[in-house]
Amino acid sequence: MTPVEQLRTTLAALSLTAIDARLEGLLETASKKEPSYADFLLEVMNTEADVRRQRYLKARLQLAHLPYIKTFEQFDFGFQPSIDERQIRELRTLRFVHEASNVILLGPPGVGKTHLAVALAETAIQSGNGAYFMTAHDLVTDLGRAYREGRLDRRMRVYLAPKVLIIDEMGYLPLDDLGATIFFQLVSARYERGSIVLTSNKSYGEWGSIFGDPIIATAILDRLLHHSTTINIRGESYRLKERRKAGLIPLPDQQHDEPPALAHRSHTKRNQLP
Ligand code: ADP
Ligand code: MG
Numbered sequence: 001m002t003p004v005e006q007l008r009t010t011l012a013a014l015s016l017t018a019i020d021a022r023l024e025g026l027l028e029t030a031s032k033k034e035p036s037y038a039d040f041l042l043e044v045m046n047t048e049a050d051v052r053r054q055r056y057l058k059a060r061l062q063l064a065h066l067p068y069i070k071t072f073e074q075f076d077f078g079f080q081p082s083i084d085e086r087q088i089r090e091l092r093t094l095r096f097v098h099e100a101s102n103v104i105l106l107g108p109p110g111v112g113k114t115h116l117a118v119a120l121a122e123t124a125i126q127s128g129n130g131a132y133f134m135t136a137h138d139l140v141t142d143l144g145r146a147y148r149e150g151r152l153d154r155r156m157r158v159y160l161a162p163k164v165l166i167i168d169e170m171g172y173l174p175l176d177d178l179g180a181t182i183f184f185q186l187v188s189a190r191y192e193r194g195s196i197v198l199t200s201n202k203s204y205g206e207w208g209s210i211f212g213d214p215i216i217a218t219a220i221l222d223r224l225l226h227h228s229t230t231i232n233i234r235g236e237s238y239r240l241k242e243r244r245k246a247g248l249i250p251l252p253d254q255q256h257d258e259p260p261a262l263a264h265r266s267h268t269k270r271n272q273l274p
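Residue numbers (full-length UniProt numbering): 1 to 274.
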């Protein structure tokens, strides 16, 4: 056996598959560039380490149960001027994750709340944090079932373990008494221990109607908001813009049905629409 053949056997025995896959290239580059022994060894080890890291991150992303993967780079901040980009930059440092503080994204449908929540989760995962995504409705349904089956505490751990828990679409559907109590328990248990990123189409003033009880709504908001950042998005739906672009919906008459937030947008931008 040649040394390279022996090497392949050893790489296979140690499951160093990434090095094995790139072995020829690595050896060829080394014979051309003649790096130091240490540099060569580093290059070889990094080949394996990089692939493993990517695989690990991919697994973490899958575990996070995200509805789709979207990043901050894919977000057009120009379209949503009500978002303070400094606030977003601060969130992207992930200080909020280390401080176990919460992020609340409020606004009407289609303005990018879920997109930004997913982008935050993706950023957290890339830095090695666990994240888990659930809609408020699915979360409460799941925990409600666990409660009825007498295993609430055990099931609750699924939602307490990740550093970042994303609760999407709070407030689309009202919660019954059990749902409200369970939600309160969850928020209390994560309080100062792990971050919640929550999206809602309801302003804080309307939260009483989600829980049917202003007292529990206040208790939940109290814990949720104590350490938190609120991002209030007031703007047009991005989905609507896309459909308008495709010519499916006519442009609103500017004098009459245009929502006030649109008034900030420049004419040049509007004129680019077909
Ligand atoms: P919601 O506020 O209802 O959660 P989403 O985040 O789901 O809205 O956004 C709806 C769709 O529009 C998604 O595909 C999202 O990626 C896209 N989108 C929303 N806002 C923007 C934006 N400012 N730039 C790029 N894509 C956006
Ligand atoms: Mg959404």
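For glycine and all other residues, C-beta sits at the position ideal for the given N, C-alpha and C.
Three-state secondary structure assigned by DSSP to N201: On the sequence shown, position 201 is the one that residue 201 refers to. Under the three-state reduction of DSSP output, N201 falls in the coil class, being neither helix nor strand.
Sub-8 Å separation of Y191 and R151 beta-carbons: Within the sequence shown, residue 191 is the residue found at index 191, counting from 1. Within the sequence shown, residue 151 is the residue found at index 151, counting from 1. Going by C-beta atoms, Y191 is not nearer than 8 Å to R151.
Inter-residue CB distance, F184 and I220 (contact presumed, cutoff 8 Å): For the purposes of this step, residue 184 is taken as the residue at position 184 of the sequence shown. For the purposes of this step, residue 220 is taken as the residue at position 220 of the sequence shown. At roughly 5 Å, the Cβ-Cβ gap stays under 8 Å, so F184 and I220 are in contact.
Inter-stretch contact (C-beta, 8 Å, three-pair minimum) for the segment 129 to 145 and the segment 160 to 180: Taking a contact to require three or more Cβ pairs closer than 8 Å, the segment 129 to 145 and the segment 160 to 180 qualify as touching.
Reference H115, options E99, Q80, D138 and S101, closest by Cα: If you number the sequence shown from 1, residue 115 lands on position 115. Among E99, Q80, D138 and S101, the Cα nearest to that of H115 belongs to Q80.
F184, enclosing alpha helix (DSSP H) - first and last residue: Residue mapping note: residue 184 aligns to position 184 of the sequence shown, counting from 1. Taken as a continuous stretch (DSSP letters only), the alpha helix (DSSP H) holding F184 covers D177 to R190.
Distance between beta carbons of L105 and T199, contact taken as under 8 Å: The residue given as residue 199 occupies position 199 in the sequence shown. The residue given as residue 105 occupies position 105 in the sequence shown. In this structure T199 touches L105 by the C-beta definition: roughly 5 Å separates them, less than 8 Å.
Own chain, CB closer than 8 Å to I216, minus 5 neighbours either side, in chain order: By one-based count along the sequence shown, residue 216 stands at place 216. Around I216, the same chain offers A180, T181 and F184 as residues with beta carbons nearer than 8 Å, after the five sequence neighbours per side are excluded.
Near the ligand MG: E122 beta-carbon under 7 Å from a heavy atom: Mapped onto the sequence shown, residue 122 falls at position 122. The answer is no for E122.
Cβ pair count under 8 Å reaching 3, the segment 54 to 72 against the segment 118 to 132: The answer is yes - the segment 118 to 132 touches the segment 54 to 72, with three or more Cβ pairs under 8 Å.
Q87 vs I231 beta-carbon contact at 8 Å: As a first step, residue 87 is located in the sequence shown; it is residue number 87 there, counting from the start. As a first step, residue 231 is located in the sequence shown; it is residue number 231 there, counting from the start. Yes. Within cutoff.
Cβ-heavy atom distance, F184 to the ligand ADP, below 7 Å: The sequence position of residue 184 within the sequence shown is 184, counting from 1. No.
Buried versus exposed call for L16 [16 or more other C-beta atoms within 10 Å across all chains shown]: Sequence index remark: in the sequence shown, residue 16 carries index 16 (1-based). Around the C-beta of L16, 16 or more other C-beta atoms lie within 10 Å, and the residue is accordingly described as buried.
Cβ-heavy atom distance, K202 to the ligand MG, below 7 Å: Locating residue 202 in the sequence shown gives position 202, counting from the first residue. Outside the cutoff, so no.
beta-carbon T114 near the ligand MG non-hydrogen atom, thresh 7 Å: The residue given as residue 114 occupies position 114 in the sequence shown. For the ligand MG, at least one heavy atom lies less than 7 Å from the Cβ of T114.
D177 versus S188, D213 and L160, residue with shortest Cα-Cα distance: Locating residue 177 in the sequence shown gives position 177, where the first residue counts as 1. Ranking S188, D213 and L160 by Cα distance to D177 puts D213 first.
Rounded C-alpha distance that separates L139 from G107: Taking the sequence shown and counting its residues from 1, one reaches residue 139 at position 139. Taking the sequence shown and counting its residues from 1, one reaches residue 107 at position 107. In a straight line, the C-alpha of L139 is about 21 Å away from that of G107.
Exposed unless 16 or more other CB atoms sit within 10 angstroms - verdict on V46: In the sequence shown, residue 46 corresponds to position 46, counting from 1. It should be noted that the sequence gives Asn, not Val, for residue 46. Burial call: exposed.
E90 CB to nearest heavy atom of the ligand MG below 7 Å: Start at 1 with the first residue of the sequence shown, and residue 90 comes out as number 90. No, the beta carbon of E90 sits no closer than 7 Å to any heavy atom of the ligand MG.
Heavy atom of the ligand MG within 7 Å of E169 beta-carbon: Along the sequence shown, one-based indexing puts residue 169 at 169. The answer is yes for E169.
Nearest-angstrom Cα separation, counted from D76 out to D153: Indexing the sequence shown from 1 puts residue 153 at position 153. Indexing the sequence shown from 1 puts residue 76 at position 76. If you take the alpha carbons of D153 and D76, they lie about 41 Å apart.
Near the ligand ADP: D138 beta-carbon under 7 Å from a heavy atom: The count along the sequence shown starts at 1 and reaches residue 138 at position 138. The answer is no for D138.
Three-state secondary structure assigned by DSSP to M134: Working through the sequence shown from its first residue, we reach residue 134 at position 134. M134 falls in the strand class under three-state DSSP.
Distance, R53 Cα to M170 Cα: Here residue 170 is taken as the residue at index 170 of the sequence shown, counted from 1. Here residue 53 is taken as the residue at index 53 of the sequence shown, counted from 1. Between M170 and R53, the C-alpha separation is close to 34 Å.
Sheet register partners of S195 (DSSP bridge): For the purposes of this step, residue 195 is taken as the residue at position 195 of the sequence shown. Per DSSP, the beta-bridge partners of S195 are V164.
beta-carbon F199 near the ligand MG non-hydrogen atom, thresh 7 Å: As a position in the sequence shown, residue 199 is number 199, starting the count at 1. Residue identity differs from the one stated: residue 199 is Thr in this sequence, not Phe. Yes, the ligand MG has a heavy atom inside 7 Å of this Cβ.
Rounded C-alpha distance that separates Y238 from F72: If you number the sequence shown from 1, residue 238 lands on position 238. If you number the sequence shown from 1, residue 72 lands on position 72. Going by the C-alpha atoms only, they are around 15 Å apart.
R239 Cβ short of 7 Å to the ligand ADP heavy atom set: Here residue 239 corresponds to residue number 239 of the sequence shown, with the count starting at 1. At least one heavy atom of the ligand ADP is nearer than 7 Å to the Cβ of R239, so yes.
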